[in-house]
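Engineer: Just dropping this structure here.
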Amino acid sequence: DFDYLVIGAGSGGVRSSRIAATHGAKVAVIEDGAFGGTCVNVGCVPKKLMSYGSHYAHDFHDAAAYGWDVEKQPTLAWSRFIENKNAEILRLNGIYENLLAKAGVTIIKGRGKIVDGHTVAVGDKKYTAKIILIAVGSWPHIPDIPGKELAITSNEAFYLPDLPKRVLVVGGGYIAVEFAGIFNGYGSKVTLLYRGELWLRGFDDDVRKHLHEEYTKQGIDVRFQTNAARLEKAADGSIRATLTDGSVVEADVVMFATGRVPKTPGLGCEEAGIKLDAEGAVVVGEDLATSLPSVYAVGDVINRLQLTPVALAEGHCLADTLFGGKPRKTDYTDVPTAVFSHPPIGTVGLTEQEARARHGDVHIYRTSFREMKHTLTKRETKTLMKLVVDPATDKVLGVHLVGADAAEIIQLAGVCIKAGATKAHFDSTIGVHPTAAEELVTMRTRVTSAL
């Protein structure tokens, strides 16, 4: 029936199908939910909108230092925000569907199940294709503890009918850290639990410690080396969480952000001969091919880097390779990324710990300061900037930022790392004044001690 049959209309699936169609392939996309996948519906987009909204309480307060008097105490109409957010998501759903339609892609609505290397069943109907792409994404995971049905995940957090007064967040990755900052910004009393010694595993240690200090200043109760052991419903409707250390936390909402698992159950992979790993991720090679000839996979379902731009890159590369006569592979090195914490994190390249393991001695340049805006507000938040440099080549191996504009700055820092920029290149660049970013080109003194 088709040259290319794509299961999943998220970021990777939409990009790959659209590019394949522009190369002349006959393409269809199968989707059983809203178009745009996790990112558009219950991920990056609504998360960023919530992050924007959660800053306004601070902004109203800080305005006084700049001469603005807010005569009435601002009040929050949470339901209005949720309605506006939902309307924007619906608009984006339509854009994604129109992108496919305009490219000539056939849209098949329903849940796809792989029958064999060239056949996918949707309900009672079967569709055939020369090549099948699995792009079904991932799903939040809740640990199997007593009372787990009382908890929510990020999926439900975007649709809460009311702002909870007390929130318990369990987890220590991107999502946990982001939602702890969001709820705190909106005025909830937030407790965050993480079973490890320090959150954001895989990030530079200075970044991890710096953000912990910032959250503590904001009044977020961050507890490491502890976890939720049991949840129970209290008589007043709240949730009692008994922790592994024996203590109890009472909350109106308990949110688990304890990882995401590939959305492969019910997809028919194993029955069709497609190899999955222990976590249920589709196993692929460098060419994104599965163990079943003619079936490929991209995005969260292969569990490499669970980032929207990575899924986009994989889907684009695959379509160019299969249908465009331009064979290429996705480059997973030096991927810039941001965490929309409060303040945000931007990072690209090697952490100090990775660089020392790989290169031995490295040079570290680091600064921490109160950004200019808060010299008047007297808010205690600090910005962190750090460069990791290879002394043998002078190449900048890593850039790590925590600060209001970190997410914006890190994109071009990523270009610098990809281009092989040296510390001398940074030093010879004239700074833009007055900005926080100019610190990246004015740091001259190496540091040896940890934060």
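The working numbering puts the first residue of the sequence shown at 35, with every later residue one more than the last.
Each residue gets a CB set at the ideal place from its N, CA and C atoms; glycine is no exception.
Model, not experiment: these values are computed from the prediction.
Below 8 Å CB to CB, which residues in the same chain sit around Thr476 once its five sequence neighbours on both sides are set aside?
Structural biologist: Gly465
Engineer: Can you list, in chain order, the stretches of the alpha helix (DSSP H) that have 4 or more residues and sit fully within the segment 334-393?
Structural biologist: 342-357 and 386-393
Engineer: Name the residue from Asp461, Thr371 and Ser45 whose alpha carbon lies nearest to the alpha carbon of Ile129.
Structural biologist: Of the candidates Asp461, Thr371 and Ser45, the one whose C-alpha sits nearest the C-alpha of Ile129 is Ser45.
Engineer: Measure the CB-CB distance between Gly157 and Gly144 and report whether it falls below 7 Å.
Structural biologist: yes
Engineer: Can you name the start and end residues of the alpha helix (DSSP H) that Ile451 belongs to?
Structural biologist: Ala440 to Lys452
Engineer: For Ser328, which of helix, strand or coil comes out of DSSP?
Structural biologist: coil
Engineer: Among Gly454, Lys416, Arg404 and Arg114, which has the Cα closest to the Cα of Gly4?
Structural biologist: In the structure as shown, the chain starts at 35 and stops at 485, and residue 4 therefore has no counterpart that could be examined.
Engineer: Measure the alpha-carbon distance for Glu388 versus Pro327 and round it to whole angstroms.
Structural biologist: 36 Å
Engineer: Hey, Gly42 and Gly151 are a contact pair by Cβ (cut 8 Å); roughly how many whole angstroms apart?
Structural biologist: At roughly 18 Å, the Cβ-Cβ gap does not stay under 8 Å, so Gly42 and Gly151 are not in contact.
Engineer: Determine, using beta carbons only, whether Gly87 and Phe115 come nearer to each other than 7 Å.
Structural biologist: yes
Engineer: Is it buried or exposed, Leu435, if we count other Cβ atoms within 10 angstroms and call 16 or more buried?
Structural biologist: buried
Engineer: Who are the near neighbours of Ser375 in its chain, counting only those whose CB is closer than 7 Å to its CB and skipping five residues on each side?
Structural biologist: Val211, Glu212, Gly215 and Leu245
Engineer: Going by DSSP in three states, Lys429 sits in which element: helix, strand or coil?
Structural biologist: DSSP places Lys429 in strand when its eight states are reduced to three.
Engineer: Looking at the structure shown, is Lys412 part of a helix, part of a strand, or coil, going by DSSP?
Structural biologist: coil
Engineer: Name the residue from Asn261, Val104, Leu126 and Asp103 whose alpha carbon lies nearest to the alpha carbon of Pro180.
Structural biologist: Asn261
Engineer: Taking one C-beta from the segment 295-304 and one from the segment 263-278 each time, how about it: are there three or more such pairs within less than 8 Å?
Structural biologist: Touching, no.
Engineer: Return the bridge partner residues of Ala155 from the DSSP annotation.
Structural biologist: Lys147 and Lys160
Engineer: Hey, could you find the ends of the alpha helix (DSSP H) Thr250 is sitting in?
Structural biologist: Going by DSSP, Thr250 is part of the alpha helix (DSSP H) stretching over Asp239 to Lys251.
Engineer: Could you check what DSSP says for Val48 in three-state terms: helix, strand or coil?
Structural biologist: The DSSP-derived three-state label of Val48 is helix.
Engineer: On the DSSP letters alone, give me the boundaries of the alpha helix (DSSP H) that Arg257 sits inside.
Structural biologist: No alpha helix (DSSP H) contains Arg257, which is instead part of the beta strand (DSSP E) from Asp255 to Phe258.
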